[in-house]
Structures are given as structure tokens and as C-alpha cells.
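What follows is one structure encoded as C-alpha cells, with my remarks underneath.
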Amino acid sequence: GVASADIRFRPDRGPYPVYHSMYDSFEWMAKFGDPTWQTHKAVAQIWGWVALSLADEPVLPFDYTEYAEALASFVAAVQAVLPAGSKP
7 GVASADIRFR PDRGPYPVYH SMYDSFEWMA KFGDPTWQTH KAVAQIWGWV ALSLADEPVL
67 PFDYTEYAEA LASFVAAVQA VLPAGSKP
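Right, here's the structure in full:
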């Protein structure tokens, strides 16, 4: 497990419609995706704040107990849908 984060706006819509296609380009983003670049700016500011906040922490503020419990629940969920006798 790697501690990670996914900071983006509008997660209910998933990635933008041309994500990782041949149309995924600066031009598409400038014309359709985020013409004012306000979303990009806001996400960059949040990531910058997170980086600056974590940079000076002597101990990173992660809850490893909660992380372990989440992993255990994911394993249990996978095991619940596997055929009897198989292992994940």
C-alpha cells in the first residue's frame, strides 16, 4: 500500500470524456475542458498547500490503523464474492 490522494473536481463525472484518447490535448482543454483554467489553478493551489503542509511535518499525519482496517475490509469483500475454496 502506498499512501496516495486523488484531488480533483467533479469526481461524480469521472475523468473528462477524452481522457487518454488521441483528443486528449492542450487544445481540447483550452477550448472545451477548462477554457478559463480556473479548475486547473484551484487544483494546483490545493496540491501546493498539501505539499507545503506535509513538507514540515516531522511525522506524516496518516492513520495507519484505519488504513489497515480498510485493507482488511477490501480483502473480506473480495473473498465474499470468490467461489468457495479459492483465495484472492
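Per my numbering, residue 7 is the first one in the sequence shown, and the count goes up by one each step. Even for Gly, the Cβ is constructed at its ideal location relative to N, Cα and C.
Straight through space, the alpha carbons of V56 and P41 are spaced by roughly 25 Å.
For W43, there is no enclosing alpha helix (DSSP H), as DSSP marks it with neither H nor E. Between A86 and T71, the alpha-carbon positions lie close to 23 Å from each other. The alpha-carbon of F38 is positioned some 17 Å away from that of R14.
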